């Protein structure tokens, strides 16, 4: 193999792997990302039934109902709109009425959000950052949530329930 | 008094770092030995002062001195002693102090054990090390001083986040930081090489042990963090592709690539410029990780804006060091003597392939981690990039890497023989095919990909063994001779085999856990039972207990297998009064490499408790693999070759480097 051929092989090989990586990333970005919405944003955007997204907001006081076999339902609101949510499983340690929550799933034909994951991804002020930002933007922000931001620990400090 | 002394020691360390960052480099420029030697004493003195400062913070936490803000916010007088100590780095200020302490430790190690380094190289390396140190001392002193006092000291502290009150906090962050910060040494060596305009095989030999050491700690730190998340968070997941985790995975991927390219540079004097770039990138990714975790930018771009001083300061450090080193690289790299070009099919070609796949995998993780941030800044849309993205990008890049992995060590330097290597890997290939066939027959109709992936894992492990067998001539020469050869085999060969086998072991664990994990989620009343994967579990009773700073609700399960009793499992839920929060303490029952896992949910009005029970087959292999890898690294680090010191740099060749 001549020097020129060697160089061409190397460059060609590198470009092939890079192209593969780029193709994989672009493909994955099209299919596997999930958008975040609050109930009012969901209503505004008319998210079609069956499309997965992350729903964030406050769990309405008194809305939590436990059914048989770990089935739970509650309502998420952001002050503007409300969306009923159903979930089956164990809720995270930090799930509370009146506190922030992020749920992942899709709206079904009846307009109920069926969550398959409920995240308690937040700090000791019980407010997920995504939710806090969205609520601030819409002007439904209670000051007592906005204490000191938590120090992120050098480890994954989230809990989730699937 | 202790707090003020600790603060003062930190200021003195900054002063020393400023001296160390200028004087030795001027000395190296003017070829003045006395000035260059300043680096050694300042580095050691700096270590002394930072260690004092760190010890001061530890003693404040142990003594529960709530007149210090940091102690008040993160400690409680009733907290057990071990968590008082580990709580020191369970918060922002303390963890940054740990960061600089480790940085000073590495600087001190280079100063103490770098006697065989050329004087000017050592001066440059310690000088660059001091630039980093100065930046971080300033960061701590200006924005995150852990020694601040409160005017009216409260009687009791606010306690540490309960999730962090675990032995994991004692091990995981220090390990991770030893890894992160350890890469600063290879960074300093790279920048020193660029400043000096000279680099040779001896340089690679000096850098390799430091890189290896950092890599071992980072590997263990990541594995430890993953196991911690697994048992502490209560739902049995061990990797979430969370940005915080990705932040530690990226330097690991780049560092692994660096380890391999440094081998090529050491043995063949090639890939020099690339190795320098990797050394810079690896530490840049460590800095990026520190920035992502510490600035609050991850949870939200807006959280970053609410506490701007810290975020902007770290961003500034990030820009100066990454931008500065890359500009220096762009400016000076062409002045370095290029290494030779080599044949694509050869050991060095295989190592280059490894580098390509690892850096591409690293780039995909980088994209997945930072794309949401970029999108939020640009369009305001919030998205989450989770496991599906990484499964679609990271996994396909790792498969060819693992297929190629056993071939690498079997190829000769300069000119390799793929067909020959394939013939020698025949046995490994057969072992993999048998494993695939057996699993496929056993799980007929189950997941199709799982047996293939396990076959790949078996191939990698068998390939690592093949490499060892080939080197000692097992089955070709008499057994006693083969054993004698095995003893004489360089430890780095053993290290390679262990580390490569570790990847295969981890892969098998990952595939088994994700494919054949079975779970039971439901509510149980006392004396009710559940069945899972052949195990029968019975809830005996639920009791309450008072811990040092929490109340605990303990459920007692008796576990049996095929009618025979196996033991008792006691998962619990702790509620911490000070913070008003609770944690779930999962119970684990280990059988071989498999585990039963129970965690508790809420208690309902009728006395039933929600439980989650998992059976996770071979789950321990996920962490046993990295431990094997780290052990391989340790073997390699103890290799004679790295201990006896590097050969003198090629003096004769210097005359040829008129370009520099």
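Residue numbers (my numbering), protein chains in the order written: chain A, 363 to 524; chain B, -12 to 647.
Positions of the beta carbon are idealized from the N, C-alpha and C atoms, including for glycine.
Treat the numbers as computed from the prediction; the structure is a model and nothing was measured.
Local conformation of residue i per DSSP, three classes
i: residue 487 of chain A; result: With a pLDDT of only 42 at residue 487 of chain A, under 50, the local geometry of the prediction cannot be trusted, and no value is derived from it.
i: residue 290 of chain B; result: Because residue 290 of chain B carries a pLDDT of 49, less than 50, the predicted location of this residue cannot be relied on, and the following value inherits that uncertainty. The answer is helix: DSSP assigns residue 290 of chain B an H, G or I state.
i: residue 589 of chain B; result: strand
i: residue 284 of chain B; result: coil
i: residue 370 of chain B; result: strand
i: residue 254 of chain B; result: helix
i: residue -5 of chain B; result: helix
i: residue 20 of chain B; result: helix
i: residue 77 of chain B; result: coil
i: residue 577 of chain B; result: strand
i: residue 396 of chain A; result: strand
i: residue 376 of chain B; result: helix
i: residue 327 of chain B; result: coil
7 angstroms CB neighbourhood of residue i in its chain, flanking five on each side removed
i: residue -11 of chain B; result: 43, 46, 47
i: residue 89 of chain B; result: 164, 165, 168
i: residue 653 of chain B; result: In this structure chain B extends from -12 to 647, so residue 653 of chain B is not present and cannot be described.
i: residue 114 of chain B; result: 7, 8, 11, 12, 26
Beta carbon proximity, residue i to chain A, threshold 8 angstroms
i: residue 259 of chain B; result: no
i: residue 604 of chain B; result: no
i: residue 356 of chain B; result: no
i: residue 593 of chain B; result: no
i: residue 71 of chain B; result: no
i: residue 375 of chain B; result: yes
i: residue 9 of chain B; result: no
i: residue 568 of chain B; result: yes
i: residue 650 of chain B; result: It is not possible to answer for residue 650 of chain B, since the shown part of chain B is limited to -12 through 647.
i: residue 597 of chain B; result: yes
i: residue 383 of chain B; result: yes
i: residue 34 of chain B; result: no
i: residue 371 of chain B; result: yes
i: residue 2 of chain B; result: no
Short CB-CB distance (under 8 angstroms) between residue i and chain B
i: residue 448 of chain A; result: no
i: residue 364 of chain A; result: no
i: residue 470 of chain A; result: no
i: residue 478 of chain A; result: no
i: residue 395 of chain A; result: yes
i: residue 474 of chain A; result: no
i: residue 451 of chain A; result: yes
i: residue 436 of chain A; result: no
i: residue 487 of chain A; result: Only weak support is given to the placement of residue 487 of chain A: the predicted model assigns it a pLDDT of 42, under 50, and the question is left unresolved by the model.
i: residue 463 of chain A; result: no
i: residue 445 of chain A; result: no
Sequence-distant residues of its chain with Cβ nearer than 6 angstroms to residue i (five each side left out)
i: residue 186 of chain B; result: 180, 259, 323
i: residue 500 of chain B; result: 603, 606
i: residue 440 of chain B; result: 498
i: residue 395 of chain B; result: 337
i: residue 251 of chain B; result: 257, 258, 335, 338
i: residue 616 of chain B; result: 206, 486, 489
Bridge partners - residue i, DSSP secondary structure assignment
i: residue 507 of chain B; result: B:600
i: residue 446 of chain A; result: A:437
i: residue 572 of chain B; result: B:559
i: residue 157 of chain B; result: Residue 157 of chain B pairs with nothing; no bridge assigned.
i: residue 539 of chain B; result: B:532, B:561
i: residue 109 of chain B; result: Per DSSP, none; premise fails for residue 109 of chain B.
i: residue 545 of chain B; result: B:525, B:555
i: residue 479 of chain A; result: A:466
i: residue 427 of chain A; result: A:435
i: residue 55 of chain B; result: B:136
8 angstroms Cβ shell around residue i - same chain, five flanking residues per side excluded
i: residue 136 of chain B; result: -10, 54, 55, 56
i: residue 404 of chain B; result: 332, 398
i: residue 662 of chain B; result: Here chain B has residues from -12 to 647 only, and residue 662 of chain B is not among them.
i: residue 614 of chain B; result: 207, 210, 489
i: residue 195 of chain B; result: 246, 249, 250, 253, 629
Can you pull out the residues from the stretch 307 to 337 of chain B whose beta carbon lies closer than 7 angstroms to at least one beta carbon of chain A?
Those residues of the stretch 307 to 337 of chain B that come within reach of chain A (Cβ to Cβ, closer than 7 angstroms) are 328, 330, 331.
May I ask you to list, following chain order, the residues of the stretch 369 to 385 of chain A that have a beta carbon less than 8 angstroms from some beta carbon of chain B?
For the stretch 369 to 385 of chain A, which is checked against every Cβ of chain B, the residues closer than 8 angstroms are 369, 371, 372, 375, 376, 379, 380, 382, 383.
Pull out every residue of the stretch 507 to 537 of chain B whose Cβ sits closer than 9 angstroms to any Cβ of chain A, in chain order.
Hits within the stretch, in order: 508, 509, 510.
Closer than 9 angstroms, Cβ to Cβ, to anything on chain A: give me those residues from the stretch 575 to 591 of chain B, in chain order.
Under the 9 angstroms Cβ criterion, the stretch 575 to 591 of chain B contributes 586, 587, 588, 589, 591.
For the stretch 412 to 432 of chain A, which residues have a CB atom closer than 8 angstroms to at least one CB atom of chain B, in sequence order?
So the close ones are 416, 428, 431, 432.
Any C-beta of chain A within less than 9 angstroms: which residues of the stretch 152 to 167 of chain B qualify?
Cβ contacts with chain A come from 155, 156, 159, 160, 163, 164.
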